[in-house]
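J.: Just so we're aligned, residue 10 is where the sequence shown starts under my numbering, counting upward by one.
Heads up, the beta-carbon is just placed ideally off N, CA and C, and yes, glycines get one too.
Pasting in a structure now, in structure tokens, and then I'll have a few things to ask.
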Amino acid sequence: MPAFKLVKNLKVPGVEPPREACKDPNCPWHGTLKVRGLILEGFVEKAKARKMAVVRHDYLYYSEKYKRYERRMSKIHAHIPECIKVEPGQKVVIGECRPIAKTVKFVVLGVKG
Ligand SMILES: [Zn+2]
Numbered sequence: 010m011p012a013f014k015l016v017k018n019l020k021v022p023g024v025e026p027p028r029e030a031c032k033d034p035n036c037p038w039h040g041t042l043k044v045r046g047l048i049l050e051g052f053v054e055k056a057k058a059r060k061m062a063v064v065r066h067d068y069l070y071y072s073e074k075y076k077r078y079e080r081r082m083s084k085i086h087a088h089i090p091e092c093i094k095v096e097p098g099q100k101v102v103i104g105e106c107r108p109i110a111k112t113v114k115f116v117v118l119g120v121k122g
């Protein structure tokens, strides 16, 4: 029997399952947290809070009036499972989940690249 079992095999392009196991119930790989809805990419801006990162997501918004795209960004609070380590500047993939805290509705699925 393996040391730990991956509860779920999430198929996210560019993201590999974490090598270590964890006992975080809010982990999308080893816990019971379900990921549904949006899957976004962004850069870690701050990782100072316990188990939470601020992820900056840049996207293009089409302006009907000027017939051009404008650059927009949003800062998203994302939960960090115990098995994933993130540092500011890294590119991460985050997935939408149920609200974990008042402002946390996303979870880090993995580090890209
Ligand atoms: Zn985990």
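#1: Report yes or no: do three or more beta-carbon pairs, one from the region 80 to 99 and one from the region 20 to 33, lie closer than 8 Å?
#2: Beta-carbon within less than 6 Å of Tyr-78's beta-carbon, same chain only, minus the 5 sequence neighbours each way: which residues are those?
#3: What does the alpha-carbon distance come out to for the pair Pro-210 and Ala-56?
#4: Below 6 Å CB to CB, which residues in the same chain sit around Glu-50 once its five sequence neighbours on both sides are set aside?
#5: Among the residues of its own chain, which have a CB less than 8 Å from the CB of Met-10, if the five just before and after it don't count?
#6: Have a look at the DSSP bridge pairing and note the partners of Ile-85.
#7: Taking the C-alpha atoms as reference points, what is the distance between Met-61 and Lys-43?
T.: Let me spell this out:
#1: yes
#2: Residue numbering aside, residue 78 sits at position 69 when the sequence shown is read from its first letter. The residues are Leu-69, Tyr-71.
#3: Coverage of the chain is limited to positions 10 through 122, which leaves residue 210 absent and any answer about it impossible.
#4: Residue mapping note: residue 50 aligns to position 41 of the sequence shown, counting from 1. Val-102.
#5: Reading the sequence shown from its first residue, position 1 is the one you call residue 10. Below a pLDDT of 50, predicted positions are generally treated as unreliable, and Met-10, at 40, falls in that range; the measurement from the model is reported next regardless. Cβ within range, chain order: n/a, list empty.
#6: Position 76 of the sequence shown, counted from the start, is the residue given in the question as residue 85. Beta-bridge pairing links Ile-85 to Val-64.
#7: Numbered from its first residue, the sequence shown carries residue 61 at position 52. Numbered from its first residue, the sequence shown carries residue 43 at position 34. Between Met-61 and Lys-43, the C-alpha separation is close to 17 Å.
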